[in-house]
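Just so you know, we're using our numbering here: the sequence shown kicks off at 2 and counts up by one. Cβ atoms here follow ideal geometry from the backbone N, Cα and C, with glycine treated the same way. The next block holds one structure in the form of structure tokens; read it before the comments.
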Amino acid sequence: MSLPPGFLDELRTRTSLSQVVGRKVMWDQRKSNQGKGDMWAPCPFHQEKSASFHVDDRKGFYYCFGCHAKGDAVTFVRETENVGFMEAVEILAREVGMQMPARDPKAQEKADRRTQLAEVMEQAVQHYRLQLNTGAAAEARDYLAGRGLPPEAQARWDIGFAAPGWQGLWDHLRGKGVPEDLIMAAGLAKASTRDNGRPYDTFRNRIMFPIRDARGRAIAFGGRAMDPSDNAKYLNSPETELFDKGRSLYNHGPAREAAGKGAPLLVAEGYMDVIALSEAGFGATVAPLGTAITEDQLQLLWRIAPEPIIALDGDTAGLRAAMRLIDMVLPQLEAGKSLRFAIMPAGKDPDDVIRDGGAGAMHKVIDAAQPLVNLLWQRETEGKIFDSPERKAALDKSLREAIRKIPDPSLKKHYGDEINRLRWELFRGNRGSDRPANDRGAPRRGFGEAGQSGFGRGNGRGFGRDFTPGATPGLRASVLAAEGTAVEDQVREAVIFAVLLTHPHLLPEIAGELEGLHPANPDHARLQMALLRHAGAEPAELRDLVAQETGAETLEKLFAQSHIAVIPAVRHPHDSETALLCLAEEFAKLEARRGAEREISEAMQDIDRLADEGLTWRLSQAALAKQRAETGSQEDTTEYDTAPTGAKMSRDERSAFDALIAKIEFKKPGRKST
2 MSLPPGFLDE
12 LRTRTSLSQV
22 VGRKVMWDQR
32 KSNQGKGDMW
42 APCPFHQEKS
52 ASFHVDDRKG
62 FYYCFGCHAK
72 GDAVTFVRET
82 ENVGFMEAVE
92 ILAREVGMQM
102 PARDPKAQEK
112 ADRRTQLAEV
122 MEQAVQHYRL
132 QLNTGAAAEA
142 RDYLAGRGLP
152 PEAQARWDIG
162 FAAPGWQGLW
172 DHLRGKGVPE
182 DLIMAAGLAK
192 ASTRDNGRPY
202 DTFRNRIMFP
212 IRDARGRAIA
222 FGGRAMDPSD
232 NAKYLNSPET
242 ELFDKGRSLY
252 NHGPAREAAG
262 KGAPLLVAEG
272 YMDVIALSEA
282 GFGATVAPLG
292 TAITEDQLQL
302 LWRIAPEPII
312 ALDGDTAGLR
322 AAMRLIDMVL
332 PQLEAGKSLR
342 FAIMPAGKDP
352 DDVIRDGGAG
362 AMHKVIDAAQ
372 PLVNLLWQRE
382 TEGKIFDSPE
392 RKAALDKSLR
402 EAIRKIPDPS
412 LKKHYGDEIN
422 RLRWELFRGN
432 RGSDRPANDR
442 GAPRRGFGEA
452 GQSGFGRGNG
462 RGFGRDFTPG
472 ATPGLRASVL
482 AAEGTAVEDQ
492 VREAVIFAVL
502 LTHPHLLPEI
512 AGELEGLHPA
522 NPDHARLQMA
532 LLRHAGAEPA
542 ELRDLVAQET
552 GAETLEKLFA
562 QSHIAVIPAV
572 RHPHDSETAL
582 LCLAEEFAKL
592 EARRGAEREI
602 SEAMQDIDRL
612 ADEGLTWRLS
622 QAALAKQRAE
632 TGSQEDTTEY
642 DTAPTGAKMS
652 RDERSAFDAL
662 IAKIEFKKPG
672 RKST
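Right, dumping it as structure tokens:
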């Protein structure tokens, strides 16, 4: 639904931001001036004691000088209520008495139909609630009491009971004048070929759990069978105009609100787990309505919180569900959006954990939640023995294929780095190497993009030379103090920072590559962190924000360098295309050179035990990638030589390879070269 021109402006004019914010904060009366609409309070978005949150009622904007949260009334409602844009607009419009724009006739007709069905569903909720108090529901009440749910909790969750009869709900709704087609369309009854075709109830002899949408409307039911011989222990409503099982979450609305107030979002397996966790104080808990989380449900979860915690039963089925989930999630991953996994103790579900140890025991399980990469590693290695090159290669292949599914290059790189660290600990950590097993600067091997050897592309640390002991900070920061290829790296990094500060609107697009830069120069490291921290700022404000954080002299020093002033992308601040090409080229050249350095470093580690054609091929590919990045794209005029094995090898590739081999001193440890 789109809003007509001027609607938002009118809404903002009528809305008093201080009144909207005032429902969430306590104003600091000493700093505030209500007559001028100048209001101050402790920020509702982060924990603080001082009043650094400012509301300008006349302009209709707020800003926090502590966490830098900013926006208008719509933004404030979205952030504090954890709702979408249109829902926030509707909330504010209702408060100021504005009529939301009319929808097109077909959309309005569809909305009216859904409203009618929701009303029928609400009548069914009330009917089932009443049935829970009848004699036929005695066993159901005993079951709920045994699960620790007193009548007050049952009322909070609108838990009910479907009697064993075939037409109990049907007769009740028809007696209330509800049309037959609405009962059928709501999924509450099914057609029958018996008894003169009279429909029968979908749910019979079951404890009933209403399923509500994000707005709190009843859209479906989940029913737990009381008969142990029933084929389906749990049964959901069929899909209807109201209910799409793969796009719905149990307890969606309350969990969204609780998560918006800072509670961790938990994803449990079923209704009783959600209820038990919520009653124990974990209000931001939801459950999928099937055996596995769908892609649509994953997107719903990420709209609520960036890193939901999957709370799985500590049995084989729970672990299997987690392992299956990995392959669905990997292609959906983005920077800042992932999952963590909280595995319950063996043989227990969340309800068991809470009943045995209270909320404190559950907090410990949540605090120990594992990141997705750890679960991926566990899946590929647990219970397996890697005592041969073939088995190690099989592990490498499976991990490479899994990581390849991640679409974000920066995220893929970080996954590769972590997998390489785990691999190093598994295969090399106990072999007496002079490198610690947990050294993240350990050699990176064979799992990145084509032609590269790292799972990611290495973390880039340690490419600058060690500085002379006793050198002053100013000398260490100077490009002149860098040795060898570190000079080239610092020049390229300076170009990248200067272009991004000149074209700040490109920063969100290039943030992933910037994150993987790992500069050795302290000034460059500060610039990198400042740019990443303010990647979401308004482009016009970026340079000032970076200057405030790093110091104006850092930017002056950057732009005072002679090679910066002549760069076309810096001289022409409105030429975004040239700037983007410049950034792509500098990143490519940096990565190609560092990749070649990594290959040489690893070859020196492996040459005494793995001097084979695979090693030489890796070195030749690294050399070729470096050469291509440095020379740019050219027409293919390759000339080939024939290798001793009979294979063809380009002369450029062979020359680059020979140059790399010349850098390596081939000798066995402990032997003197001759």
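Exposure label - residue i; buried when at least 16 CB within 10 Å
i           : result
residue 7   : exposed
residue 366 : buried
residue 203 : buried
residue 122 : buried
residue 683 : Here the chain covers residues 2 to 675 and nothing more, so residue 683 does not appear.
residue 535 : buried
residue 37  : exposed
residue 274 : buried
residue 195 : exposed
residue 193 : exposed
residue 102 : exposed
residue 230 : exposed
residue 10  : exposed
residue 127 : exposed
residue 510 : exposed
residue 74  : buried
Span separating the alpha-carbon of residue i from that of residue j
i           : j           : result
residue 221 : residue 271 : 15 Å
residue 634 : residue 519 : Since pLDDT at residue 634 reaches only 40, below the 50 mark, its modelled position is unreliable, and the value read off the structure follows with that caveat. Approximately 26 Å, taken between the alpha carbons.
residue 577 : residue 583 : 10 Å
residue 416 : residue 330 : 14 Å
residue 219 : residue 183 : 14 Å
residue 113 : residue 119 : 10 Å
residue 26  : residue 55  : 11 Å
residue 152 : residue 171 : 26 Å
residue 299 : residue 379 : 22 Å
residue 297 : residue 250 : 10 Å
residue 148 : residue 352 : 8 Å
residue 392 : residue 424 : 13 Å
residue 528 : residue 574 : 19 Å
residue 311 : residue 328 : 15 Å
residue 554 : residue 34  : 37 Å
residue 236 : residue 281 : 26 Å
residue 242 : residue 216 : 16 Å
residue 276 : residue 22  : 31 Å
residue 501 : residue 512 : 10 Å
Beta-ladder partner(s) of residue i, from DSSP
i           : result
residue 372 : 341
residue 56  : 40, 63
residue 34  : 39
residue 588 : Answer by DSSP bridge pairing: none, since residue 588 is not bridged.
residue 201 : 191
residue 213 : 219
residue 312 : 343
residue 8   : Partner(s): none; residue 8 has no beta bridge.
residue 107 : DSSP, once it has assigned bridges, lists no residue as partnering residue 107.
Nonlocal neighbours in the same chain, by C-beta distance under 8 Å from residue i, ignoring five residues either side
i           : result
residue 227 : 140, 141, 144, 206, 207, 208
residue 334 : 373, 407, 408, 409, 412
residue 100 : 94
Other residues of its chain near residue i: CB distance less than 7 Å, five sequence neighbours each side excluded
i           : result
residue 285 : 256, 259, 260, 264, 265, 266, 267
residue 591 : 490, 493
residue 303 : 338
residue 129 : 161, 162, 163, 209
residue 435 : Confidence in residue 435 is poor, its pLDDT being 34 and thus under 50, which makes the residue's placement too unreliable to answer from.
residue 315 : 344, 345, 346, 347, 348, 349
Check: residue i C-beta below 8 Å from any heavy atom of the ligand PLP
i          : result
residue 65 : Of the ligands one can find in the structure shown there are none, so the ligand PLP has no counterpart to examine.
Close Cβ partners of residue i (< 6 Å) along its chain, the five nearest in sequence each way excluded
i           : result
residue 46  : 68, 70
residue 79  : 89
residue 133 : 161, 162
When the Cβ atoms of the segment 176 to 196 are set against those of the segment 81 to 91, are three or more pairs found closer than 8 Å?
no
So, does the segment 553 to 570 touch the segment 494 to 509, judging by three or more C-beta pairs under 8 Å?
yes
Taking 8 Å as the cut-off, does the segment 276 to 291 touch the segment 239 to 254 (at least 3 CB pairs, one atom from each stretch)?
yes
Does the segment 48 to 65 come close enough to the segment 7 to 18 to have 3 or more Cβ pairs within less than 8 Å?
Segments in contact, yes.
Counting Cβ pairs, one atom from each stretch, are 3 or more of them under 8 Å apart for the segment 498 to 511 and the segment 540 to 548?
yes
Is it a yes or a no for the segment 346 to 366 touching the segment 383 to 398, going by three-plus beta-carbon pairs under 8 Å?
no
Do the segment 401 to 410 and the segment 357 to 364 make contact, defined as three or more Cβ pairs closer than 8 Å?
no
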